[in-house]
Every structure is written in structure tokens, then in C-alpha cells.
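Plus 78 on top of the position in the sequence shown (first one is 1) and you've got our numbering.
Each residue gets a CB set at the ideal place from its N, CA and C atoms; glycine is no exception.
Note that the structure is a prediction, hence the values are computed from the model and not measured.
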Amino acid sequence: MSHPHFHTLSELKCNNHISIENEKTYLTLGYATYPYTDAFQLHHWLDSSKAIDATFRHRALRHRIEVLSYVNKVFPNMVEAPFKEILTQHFEEDFGFVPTTQSWIAAMEVHRWMHGNQVLRRGLVANLLVHKFGGIDSDYDPLLDYYLDPSSFDIRENYIKYSSWGIFEAEYAFINNPSKVKHLYYISSTEKHVPLRTICESIVQAKYGLIPNISKWLDCINKETWMFAVAKPLSKTL
């Protein structure tokens, strides 16, 4: 697997930010320059899921094009960053193509536990959240739209949202409060803030009776060559 450092150098060269002659100056002198530090943070974030799972399976978490829908919220200061181009280049260097969520779940075995203890009904979940956190049903529409997305027809997609990792990742997807603090959820009818993670935990527990560890989901992914083969050996070519 390519280290974020090499993905960063590859990106900067492709965009003519630095040349092969002066990149060593950046690194040797330790300059905190815009091109390297900002680009590195993004590539490091993409690869940081390796801290959760040291195998190739960790890539199922953020190495998929769907993260494009919220990566700008992770890096709000990089307002002019071409996120799609950066992600595409990173993925193509790793795999030779750009994987989607479907690419990963196609290799995931289906198990009975994935269906959970019950089918979540929107009204039932809304009532549960109102009872626990206050407000009215419509206060929770954004979260219910996210967790009960009707386009998610494959139960294996639940690894993204209904897991220990997914609960933390939801903090990037939802910034719906006036203060723009990512870990808070704003209940408009009561004008109160509630820790977002606490609400997400309630939804996941309603489905499964507990919070499934992300490793339980990832262990169901069968190895396929494209998942761990390095398309471009950047550490040797840069």
C-alpha cells in the first residue's frame, strides 16, 4: 500500500505545485507549506482507517467514491480543493480504478445477523428519538433520511452506517446546527443541541440491540486481487 506521503507527492507533481528537484527541499527543511501539508492531510485521512483494521479490508471504509459527498465537511478550509480529482487519483493509484460501495459489498458474504433484530419503521424510530431527546418527529428527518435511505436496498451496505465506525463517521455527514460544530445535532423545535453520536447510537441499537463492531462487518469481505494490489508503486517511482 502506498503511504499518504507518496500519494501527496504524486498529486503535487501532477498539478505542477512542486518539481522533482525541489520537493526534497520541502521535506528536508520541514516547511509547513500549503501544497504539501493540506494535500497530505487529505490523503492521510483517506488511509487512516488502517488504524482500525491493518488488512486491506480497511479500504472499504473510505476508499470508495461515495466519500466525496462529505469530504468537503471534513476539510472545510480547503474550499478550492478539487476533491473529486484528488480522490480519483488516490484510488486509481491504489487500485487502477475508482471503487464504489457496491465494489466492496459485492465481495461481502451475507450473514443472518446483518438483518438485525427488527425492521426499522420511520415512525417508530422518530417516536423513540423524541422520547429520549425531546422535540418533534420532523426534527430528526435528516438523520432518518440518512439511516433509512430507501436507495440502500442491500443489507450489506449497513456496514457504513450501522457500526461502531459508522457512528463516528456520521459526525462528518451532519453539520446541521447554527454553530457548525460537527459533533452536535440541533433540535430546532426546542433550540437545543444534543451530541450527534448519542442519537446515532440509539438508532443503531434499535436495529441491532447493540452496536456492531466494524471489524465484524469487515471480516465478511472476501479477498479479491484488486483490493490489495498496488496499481502504482509510488514509493519506487517518485
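- Beta-bridge analysis with DSSP links Pro273 to Leu262.
- Taking a contact to require three or more Cβ pairs closer than 8 Å, the segment 186 to 200 and the segment 250 to 269 do not qualify as touching.
- Around the beta carbon of Lys239, 16 or more other beta carbons lie within 10 angstroms, which makes this residue buried.
- By the Cβ rule, the segment 289 to 302 does not count as touching the segment 159 to 172, because fewer than three pairs are nearer than 8 Å.
- If only uninterrupted alpha helix (DSSP H) runs of at least 4 residues are considered, those enclosed by the segment 105 to 170 are 112 to 125, 137 to 140 and 149 to 152.
- Of Pro220, Arg200 and Leu146, the smallest CA-CA separation from Leu274 is found for Pro220.
- Rounded to whole angstroms, the separation of the alpha carbons of Ser280 and Tyr263 is 14 Å.
- Minimum Cα-Cα distance from Thr303 among the listed residues Thr86, Ser181 and Ser127 corresponds to Ser181.
- The Cβ atoms of Met192 and Arg234 lie closer than 8 Å to each other.
- In this structure, His121 lies away from Pro160, with their beta-carbon atoms at least 8 Å apart.
- Taking Val208 as the centre and dropping the five residues before and after it, the same chain places the C-beta of Ile214, Asp215, Asp217 and Tyr218 closer than 8 Å to its C-beta, in chain order.
- In the same chain as His168, and ignoring 5 residues on each side of it, the C-beta atoms closer than 7 Å to its own belong to His85, His121 and Leu124, in chain order.
- Taken in chain order, the complete alpha helix (DSSP H) segments of 4 residues or longer contained in the segment 186 to 239 are 200 to 211 and 219 to 225.
- Residue range Ile292 to Leu296 is occupied by the alpha helix (DSSP H) that includes Lys294.
- Burial check for Asn236: the Cβ neighbour count within 10 Å reaches 16 or more, so the residue is buried.
- The beta carbons of Tyr250 and Lys260 sit about 7 Å from each other, so the pair counts as a contact at 8 Å.
- The DSSP-derived three-state label of Ile299 is strand.
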